[in-house]
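Here's the structure we're looking at; comments come further down.
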Amino acid sequence: MSDRGHIELERRVDSIVVGERHRCDPGDLMPLVESLERVGLLQPVTITPDGYLICGFRRLEAAKKLGWDTLRVWVRSGIS
Numbered sequence: 387m388s389d390r391g392h393i394e395l396e397r398r399v400d401s402i403v404v405g406e407r408h409r410c411d412p413g414d415l416m417p418l419v420e421s422l423e424r425v426g427l428l429q430p431v432t433i434t435p436d437g438y439l440i441c442g443f444r445r446l447e448a449a450k451k452l453g454w455d456t457l458r459v460w461v462r463s464g465i466s
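In my numbering, the protein residues as written are 387 to 466.
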């Protein structure tokens, strides 16, 4: 675990579970998709140890649009 309270690792995109969310529509992802193509993922999405998405819904959806198999994630415990 890092000194920031999380573990950073690669995770299969299709293994990340998107539960009930306040925001269901990711909106226009094209600017984000283009940014990910150009500079890559600057901030990993955050998930629980059992793979539930905490934050980064739009980044996850953009990665899916790009056909990425894996994504850098921060795994944090103690968050629901």
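From the three backbone atoms N, C-alpha and C, an ideal C-beta is built for every residue, glycine too.
What is the rounded straight-line gap between the Cα of L457 and the Cα of R407?
Rounded to whole angstroms, L457 to R407 spans 20 Å at the Cα level.
To the nearest angstrom, how far is it from the Cα of L446 to the Cα of P435?
CA-to-CA, the gap between L446 and P435 works out to about 17 Å.
Just confirm the distance between the C-beta atoms of C441 and V425, as a whole number of angstroms; I'd bet it's less than 8 Å.
Wrong, their Cβ atoms sit about 20 Å apart, outside the cutoff.
Relative to the C-alpha of Q429, which candidate in I465, L395, G464 has its C-alpha closest?
Selected option, being the one with the closest Cα: L395.
With DSSP as the reference, please indicate the residues paired to V403 in a beta bridge.
Per DSSP, Y438.
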